[in-house]
Structure formats: C-alpha cells, structure tokens
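Read in order, the letters of the sequence shown correspond to residues -10 to 258 in my numbering. Backbone N, C-alpha and C define an ideal beta-carbon position, used for all residues, glycine too.
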Amino acid sequence: MSNFLKRAISGLLFVIVLTGCIFIHPICFYILFFIINILGLMEFSRMAKHMNIHVNLFFCILCGSILFTVGFLHNYINYKDGYLYFFLLTFIMSICELYRKKGNGFQNIAFSYYALLYISLPFTLLIYLPYMTSGKWMPEIIFFPFLLVWVNDTFAYLSGSLFGKHKLFPRISPKKSWEGAIGGGLMTIIVGLCVSPYIEGYTIRDTAIISCIVAVFGIYGDLLESLFKRSIEIKDSGNILPGHGGILDRFDAIIFTIPAIFVYMEFMY
C-alpha cells in the first residue's frame, strides 16, 4: 500500500472517529479526548528523553487526566472541587522529583509542568467553549475549531504547492510559504463565515474572529511543534497514525488555537 493511500485512509478514519465522538454524546467526546490527552503526554515524555530529560510521566498522566476530567464534570454536572486535587498533585509531583534520583531535576520538573500546560490545559479549555455561550453541550461549537484547522491545513498545503515562492519560516519549517499561509487563512475565514448560520450561540462576528484566530495561531502551533522536533532531530512525534505521525503532529494547531479562542470568548461572554 502506497504512503499516500495509507495517509488518506488513516486521515479519513481519524476525521470520522473524531467527528462521531463529538456529535454522538458528550461521554463519547470525553472518552476519546481522555485517551488523546494521555497519548499526547506519553509522546511528549518520549520526545523529552531525546534531551536526557525525564518527565514524571506517572504524575503527568495522573494530573492531566484529573484536570481534563474535572473540566468535563464542572461543565456537565457542575462539580469543580476536583480542581483542588489537581493543584495539590502538581505540588506533590515537584516533591517527588527529590526522590527520583534522575539527572536534570530542574528540567524534569519544568518539562512536566509544561506538558500539562501545553497538552492537557487546551483540551480542558475546549470543554468550556459551548458552555460559555449557552450553558449547555453544543457539539457544533466543539467541532467548529477542528473544521477550521482542517480547512486551514488543507488549503495552506494546496496554495503553497501551487504558488509558494516566499518562505514563511525557513529556519523551522522550510516547506511553509507566505502564499500557503495566506491562501489557507483566506479559505478558513470564508468557510467560517459560510457555516456561521449553523453555529448556534455564535454571531457572524464571533465566527469571523475565531476563523482569524485559527488562521494565525494554527500556524504558530504547527511551527512550535516543528521547533520541538528540530531541536531533537526527529521527523514525527509518534507513529500512531500511519502517514500522519503522532498525536502531537495531528493536534499541534488545535492545541495552540483553543486557548486563544477561550480568551476571546471569555472577554466577549
């Protein structure tokens, strides 16, 4: 089977599973992203080992899982006391570094905290987006950023392949071009405006601004993950998705986009 065919099949299955779990039921969404969160933390830990840094993976998974679960329960059944356990465990994670007998203790702690900030926090903030406007679960609001990221990635690739001449960030990602970024961004805004009538709770202004956020922050999320991989000289963060790499490769843009959307929604609503 050719690499293109494997990439197409795995990409299609990824979209079907993700879309289905978002729209079928909130519990399905929770289970899927609970797993994705853990897999992302595991990939981050493996990447850090290339720099001889040992993330406290047990506590990262424990803290990240509690953070994501409490975010879900806070919105779904209004239970938020679990955040106290999360904060307590993050302090215990630091204390445990004294007993791990690993080198680079300071870096181990710093990378462990950054793993939670970089991976678990954005997935937790994603849960809050529909409840910020309507107070109820609205799968279309959860799905909207993913749709925009897919549109942005697809048309950035097509525009860059057809018209790309001026490098966007050659030191980090030599294949990306300004033409690709502009083409992807314009199409992202157009699609955002076209689906605006179907996003209950969002105004046209909201969808336009969120589309702009995705167009800008999605690129930086991609570049940041490329920076990580170049720093440790690897091609992909993992191999869980044939032809696409790992979880962080597939979610790099959305991870960076969700916090920016959350901040916008917090200011507006």
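- The beta carbon of N97 sits closer than 8 Å to those of I42, H43, V44, N45, E86, R89 and K91, all from its chain and outside the five residues before and after it, given in chain order.
- Beta-bridge partners assigned by DSSP to S166: K156.
- Note on geometry: alpha-carbon atoms of I208 and A242 lie some 7 Å from one another.
- The DSSP assignment places no complete beta strand (DSSP E) segment of no fewer than 3 residues inside the region 223 to 250.
- Going by beta carbons, S200 and Y191 fall outside the 8 Å limit.
- The region 60 to 96 is shown to contain whole alpha helix (DSSP H) runs of 4 or more residues at 71 to 89, in chain order.
- Within 10 angstroms of the beta-carbon of D238 lie 16 or more other beta-carbons, which makes it buried.
- For I171 and A145, the gap between their C-alpha atoms comes out near 7 Å.
- As the crow flies, the alpha-carbon of F57 is around 17 Å from that of T246.
- If the five residues before and after P248 are omitted, its C-beta is found closer than 8 Å to the C-beta atoms of L110, P111 and L114, all from its own chain and listed in chain order.
- Counting only residues of its own chain and dropping the five nearest sequence neighbours on each side, D211 has a CB closer than 6 Å to the CB of D241 and A242.
- In the three-state DSSP reduction, W126 falls in the coil class, being neither helix nor strand.
- Spanning the alpha carbons of C52 and I198 requires a straight line of approximately 32 Å.
- Of the residues assessed, F75 falls on the buried side of the cut-off, its CB having 16 or more other CB atoms within 10 angstroms.
- Secondary structure note for N26: its alpha helix (DSSP H) is the uninterrupted segment P15 to K38.
- Here I130 is buried, its C-beta having at least 16 other C-beta atoms within 10 Å.
- The three-state secondary structure of E255, taken from DSSP, is helix.
- By the C-beta density criterion, M82 is buried, having at least 16 other C-beta atoms within 10 angstroms.
- Shown here, G53 sits in a helix according to DSSP, grouped into three states.
- For E214, the enclosing alpha helix (DSSP H) covers residues I193 to I221.
- For the pair S101 and I161, the Cα-to-Cα distance works out to about 24 Å.
- Secondary structure of I161 (DSSP, three-state): coil.
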